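Single-structure report; data block below.
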Amino acid sequence: MTAAGKPKMVFIGGAGNMAGAVIGGLVGSGYPAERIVATGRNKQKLAEFAARHGVEVSADNVAAVAGADVLVLSVKPQMMKALCQELAEAVSDRKPLVITLAAGIPLAAYQRWLGRGVPIVRAMPNTPALVGAGATGLFAGEGVSAAQKHIAEQMAEAVGIALWVDEEAGIDQVIAVSGSGPAYYFQFMESMIDAAEKAGMSRADAERLTLQTALGAAKLAMASEVDVAQLKRNVMSPNGTTERAIQCFQSGGLPELVAQAMHDCAARAAEMARELDN
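Counting from -6, one number per residue, gives the positions in the sequence shown under this note's numbering.
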């Protein structure tokens, strides 16, 4: 397909971090930059963004939507209702595929704000998308075609992996696993670094070893044909150092604490949906 045949993608809030990462991933994977528009409020940042990625930029959301085949909404959840109401007439006329990157807002709200009959995909990316290692959960509303699902999947895979869920509630579980998940690992790494520093290691050395170990463990798990439980056992010699550490985690209730934290995370996502769906 020629560049002209590619869907025109308009990113509202496109000069922001998350949408900017997706745009960079798309252009880097060969998507024609001339078929991408990014909008924003700061004209200087928009000019810098255009120079960096070669895409079109605009400070006029409504004008940008008028030519969109795919409309990606990347603003804070609290700003989404006002944005959708601003764009409703243009979206209702053109009915582009709408992909929303905001957490906590259900499809029913978008349908009220934008109008019935607009194809909508909810996408839940995570911050490792900024380095091309993201994980994005996707849910398609009624009326989204197979071709449109492919576009949404292609967008997500430009910055990592994509996973479709069959029910909208599944997005809350995606948030609990991958959407918020990076912060869980950052918390664990922070605790390891702090503990090593208290034990006498320099913070710089503790951070270097901790981050490399996290990277190595993830790479090993992805490359291995056995599950993570077996990989854990592979490191544990009977009555050895690793076994002692794992026993400490388990007796301290780490598995139960992780399960509770993920439950609370998903519950908060559901609460946000109720709060923002008005």
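Backbone N, C-alpha and C fix where the C-beta goes; we use that ideal spot for every residue, glycine too.
None of these values were measured; they are calculated from a predicted model.
Cross-strand partners of residue i (DSSP beta bridge)
i, result
"residue 157", "131"
"residue 29", "2"
"residue 63", "2, 90"
DSSP-derived helix/strand/coil call for residue i
i, result
"residue 115", "strand"
"residue 290", "The requested residue 290 is not part of the displayed model; the chain covers only -6 to 271."
"residue 92", "strand"
"residue 98", "coil"
"residue 21", "helix"
"residue 218", "coil"
"residue 267", "helix"
Residue i versus residue j: straight-line alpha-carbon distance, rounded
i, j, result
"residue 225", "residue 214", "10 Å"
"residue 7", "residue 53", "12 Å"
"residue -5", "residue 89", "For residue -5, the pLDDT reaches just 47, beneath the cut-off of 50, and the residue's location in the model is therefore unreliable, although a value from the coordinates is still provided. Approximately 20 Å between the Cα atoms of the pair."
"residue 249", "residue 198", "31 Å"
"residue 95", "residue 269", "11 Å"
"residue 41", "residue 246", "49 Å"
"residue 238", "residue 265", "37 Å"
"residue 152", "residue 121", "8 Å"
Supposed close pair residue i, residue j - CB separation, criterion 8 Å
i, j, result
"residue 68", "residue 111", "Their Cβ separation, rounded to whole angstroms, is 17 Å, which puts residue 68 and residue 111 out of contact at 8 Å."
"residue 185", "residue 203", "5 Å"
"residue 33", "residue 119", "No, residue 33 and residue 119 are not in contact; Cβ-Cβ is about 22 Å, not under 8 Å."
Residue i and residue j closer than 8 Å at C-beta
i, j, result
"residue 132", "residue 105", "no"
"residue 65", "residue 5", "yes"
"residue 15", "residue 30", "no"
"residue 130", "residue 100", "no"
"residue 127", "residue 262", "no"
"residue 80", "residue 55", "yes"
"residue 3", "residue 75", "no"
"residue 187", "residue 259", "no"
"residue 255", "residue 169", "yes"
Residue-chain proximity (residue i, chain D), Cβ-Cβ < 8 Å
i, result
"residue 88", "No chain D is part of this structure, which consists of one protein chain only."
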